[in-house]
Amino acid sequence: MTIFVASINTASATELCVRSINRNTKREAYTLCVGDCGSTDNSLPRIMALVHEHLIDDVMLAPHGRSHGAWLDLWTNTCTTRYAVMVDSDVEILKPNWLDVLLKTADDSEAAIVCAEILEEVPHYVDYTGVARRLARRPSAWMMLVDVAKCRDRASWQFAMDIDPNIPEQQWALDTGAQLMRELNLAGETVVAAPTAIQRTFRHYGGLSWVKIMRSRGWRPRAHRLKVGLLNLYLFARLKRMKVPRARKLP
Numbered sequence: 001m002t003i004f005v006a007s008i009n010t011a012s013a014t015e016l017c018v019r020s021i022n023r024n025t026k027r028e029a030y031t032l033c034v035g036d037c038g039s040t041d042n043s044l045p046r047i048m049a050l051v052h053e054h055l056i057d058d059v060m061l062a063p064h065g066r067s068h069g070a071w072l073d074l075w076t077n078t079c080t081t082r083y084a085v086m087v088d089s090d091v092e093i094l095k096p097n098w099l100d101v102l103l104k105t106a107d108d109s110e111a112a113i114v115c116a117e118i119l120e121e122v123p124h125y126v127d128y129t130g131v132a133r134r135l136a137r138r139p140s141a142w143m144m145l146v147d148v149a150k151c152r153d154r155a156s157w158q159f160a161m162d163i164d165p166n167i168p169e170q171q172w173a174l175d176t177g178a179q180l181m182r183e184l185n186l187a188g189e190t191v192v193a194a195p196t197a198i199q200r201t202f203r204h205y206g207g208l209s210w211v212k213i214m215r216s217r218g219w220r221p222r223a224h225r226l227k228v229g230l231l232n233l234y235l236f237a238r239l240k241r242m243k244v245p246r247a248r249k250l251p
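When we follow my numbering, the leftmost residue of the sequence shown carries the number 1, and every step to the right adds one.
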């Protein structure tokens, strides 16, 4: 299988993610690819240092930017292994059975996607734009295992909006994975959540790369920027305490 990590301006989080994957995953079980979409912090030098340590097998660059959903589209449609495992750069793997839980659930359910959790529909959801929409049901894009053959060319992972006069909000917000989940369900495929035990195998810090919010004005964006600053200090401390695993030999 291939593990994919999308990164933008999350240098410490990305390094912690990569090191924790290597520390808690059987070395022969996967190939690790990191995609960076135009980071302007010190992410790229740190990513390349991880390549030299043989902790990353492949790096893909999108210097002019690429959305999270666009990365997932690219990887789903080009992955050459049976499974593509998507892990956000702000995820730290805590226990070595994380991948086993995802794989066993996929084998037992024959699902097209096995995710850490399924995010339920949210009425009257108001995002940073201030517009109320109905947020559609979707898989947790920060941690999931994708059966490539079942998901390829079905629908985009990317955010979309859908006008619907039959709901009070008049509009659906289809966040990352919601379109694809709809199409899979219509085709008779399933999207399932792994057992709740998966939650103890990783920590998702969340929101470190919300670029539009980070550039917005108002008390909520200011509060979010403060949260990100404090989290980055914590992540740096986690990295300092982490015992670096032995470098994985390239095949």
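C-beta atoms are modelled at their ideal positions from N, C-alpha and C, and glycine is treated no differently.
On a CA-only basis, which of the options is nearest residue i? Give me that one, please.
i	options	result
D162	R154, I8, Q171, S156	Q171
D258	P139, L180, A112	Nothing about residue 258 can be read from this structure; the chain reaches only from 1 to 251.
R154	E183, I21, V59, H54	E183
C115	Y30, S39, L44, M181	M181
E110	M60, V131, K26, L145	L145
E92	K150, V192, S43, I21	I21
D58	T105, V5, L99	V5
A106	S156, K150, M60	K150
E189	V126, R152, R23	R152
A178	A141, T25, L94, I3	A141
L32	T196, I56, N9, D90	I56
P96	T10, A29, A173	A29
M143	F159, L99, D108	L99
N9	L74, L61, S43	S43
H54	H204, C79, D90, E15	E15
C79	L94, M60, V191	M60
L94	N24, P139, Y125	N24
Hey, how far is the Cα of residue i from the Cα of residue j?
i	j	result
L103	M86	13 Å
S7	G35	6 Å
P123	R200	29 Å
I198	P63	34 Å
S12	N166	45 Å
M1	G206	25 Å
P45	S39	10 Å
E121	H52	43 Å
E169	T76	32 Å
I3	D127	30 Å
T81	S156	19 Å
I118	V101	16 Å
P195	D108	12 Å
W71	R203	22 Å
R238	L186	43 Å
S89	I47	12 Å
R27	A49	19 Å
Quick one: using the 10 Å Cβ neighbour count with 16 as the cut-off for buried, is residue i buried or exposed?
i	result
R66	buried
A257	With the chain represented from 1 up to 251, any question about residue 257 goes unanswered, as that position is not in the structure.
H68	buried
A223	Low per-residue confidence applies at A223: pLDDT is 49, beneath 50, and the placement is therefore not dependable, though the value from the model is reported in the following sentence. With fewer than 16 Cβ atoms within 10 Å of its Cβ, A223 is classed as exposed.
D175	buried
V18	buried
R134	buried
G130	exposed
A193	buried
D164	exposed
Tell me the DSSP bridge mates of residue i?
i	result
H52	In the DSSP output, where bridge partners are listed per residue, H52 has none listed.
T31	T2
R203	E92
C115	M144, A193
S7	D36
V126	A132
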